Every structure is written in C-alpha cells, then in structure tokens.
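Here the structure comes first, spelled out in structure tokens, and everything after it is commentary.
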Amino acid sequence: MKTGVVLFPGSNCDADAHWVLGELLGLRCDTLWHKEPIRERYDLILVPGGFSYGDYLRCGAVASHSPIMGSVKQYADNGGLTLGICNGFQVLCESGLLPGALVRNIGTNFICRDVSLRVSSTNNPWTNQLKVGDELVLPIAHSEGRYIVDEQVYSAMKEKDQIVLSYAANPNGSLFDIAGVCNESKNVFGLMPHPERASDLRTRHGMGIWQSFLNWSAQAR
C-alpha cells in the first residue's frame, strides 16, 4: 500500500507519521509538498499535526488554501481515505472536508498530556478493529482543540454515526466531548489526539487506529 503525508511550512509531526506508516507498518510513505498537486494514487493521505503557516489567522486557515488542498479535496471526494491529526484536523475543518470548527481551549491554555478517550463508533475505516465503549489513552498537544458545531449539525452527525471518538474527561471544552469525527461517507477522519505518538512497540493504544485502516484497506482491495 502507498501512503502520503502532506507537508506545510510549520508542520512538525510529519516525521512521526512517516515513522508509523513507513517504519512500523512497512508501507510506502511519500512526502507531499504543499505547493504541488497530488500526481499519484494513494491508499491514504495524512495531514499531520504542527503549526502550519505559524497558525496565523486561525489554526489551519492558511493551509486550507494551499495548492495541494485542491488535490486532497478531489481525492477525498472520490472516496480516498484521508486522515487529519491535530493541526491536520483543523485544516480539514477549515477546508470544509469535515463539519464543525476548532477554537481556543477553555482556559486558553496549551494542553500537553495523555487523555482517556472512548470509542463512539466502529462502522468506519478508522476504528473497525475496536469496540464501541473501548477506552484509549492518547496524547494531546494543542491550544485550539475545542471542537464546536451547530446543534442541528451535531444531531445530523450523531444520526449518521459520524462521532468516532469522545473524551472520557473533557480537557478543552469541546462540545459534546467530541475528540474525533468523520464525514458522512466515513472516508475522511479528523481527531485532536495523536495516535502516531502512541504506537511504539505495536502495543500502545494508537495501534487500534492503524490496524483498523489496514483491515479496511485490505478488504477494499
């Protein structure tokens, strides 16, 4: 399988993503520079964490207008698996690929610690090897990770099983304790916690997400 990691100025979690996809999972993993369109076919495009464009205006706002995002949108619209982690989640929301927005944490502090999460849905490429109610412990590192969404949109998301991960103890004030969501088609997923930082030795809780992706992709072939 072939994967690609988008690289913006200010991205700093791309190396972690490359390590998991390339070294741990043994997949081909290309760097996709933000100024260039995507020219090859990929099984996964990952938008990593960091501080794209210094987080000017809003986190992910400038990156969402990068030349590569047109290709990412086309790839996602055609059903391609697209994952946004932390700043990548912000970019996907700013791009309109995911509903809602991410704003300043309650208390306005930068939060960097492990958090407990609960799996809210497994009917998707990202958590299909887990069970609803499973607890995951993953690290977060953000100052603008509070997920907000209109209540009507939230109701529609809940009905369509788009809430994938929820905080067991909400660290940032996210509405409805939301930590990760997918689009209606389930092929685009964004989350604030970092599974790529909790996958070493193949034993930590981040592995459930990567194993789910591999299982889904294998069945789709």
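Using our numbering, read the sequence shown as starting at 146 and increasing by one per residue.
Here a beta-carbon is modelled for each residue, glycine too, at the ideal position from N, C-alpha and C.
These numbers were taken from a predicted model, which means no experiment stands behind them.
Please return the same chain residues whose Cβ sits closer than 6 Å to the Cβ of residue i, not counting the five positions on each side in sequence.
i      : result
LEU281 : LEU262 and HIS350
VAL192 : VAL151, GLY229, GLY233 and VAL236
GLU341 : ASP161, ALA162 and VAL165
LYS180 : PRO212
ASP175 : GLY149
Helix or strand or just coil, what does DSSP make of residue i?
i      : result
TYR312 : strand
GLU280 : strand
HIS350 : coil
PHE358 : helix
ARG173 : strand
ILE213 : helix
LEU152 : strand
Using the Cα positions of residue i and residue j, report the straight-line distance between them to the nearest angstrom.
i      : j      : result
ARG258 : SER156 : 20 Å
ASP122 : MET302 : As shown, the chain starts at 146 and ends at 366. That puts residue 122 outside it, with no answer to give.
ARG173 : ILE323 : 32 Å
VAL264 : TRP178 : 32 Å
SER216 : SER300 : 30 Å
GLY233 : VAL207 : 12 Å
PHE321 : SER311 : 8 Å
ASP279 : ALA343 : 16 Å
ASP222 : MET214 : 12 Å
MET337 : VAL309 : 12 Å
GLY241 : LEU169 : 31 Å
ALA365 : PHE358 : 11 Å
CYS231 : THR148 : 18 Å
PHE153 : LEU243 : 19 Å
GLY171 : ILE285 : 25 Å
Less than 7 Å between C-beta atoms, sequence neighbours within five positions excluded: which residues of the same chain meet that for residue i?
i      : result
LYS305 : GLU329
ASN317 : ASN250, ILE251, ILE256, GLY290 and ARG291
THR267 : ASN273, LEU275, LYS276 and VAL277
Got a sec? Which residues, its chain only, sit under 8 Å from residue i by beta carbon, not counting five neighbours each side?
i      : result
GLY224 : SER330 and ASN332
SER362 : MET146, ASP188, LEU189, LEU226 and PRO270
ASN315 : ASP322
Does the segment 242-255 come within contact of the segment 274-290, defined as at least 3 CB pairs closer than 8 Å? yes
Where are the beta strand (DSSP E) runs, 3 residues long or more, that stay fully inside the segment 230-308, in chain order? 246-248, 256-264, 280-287 and 291-293
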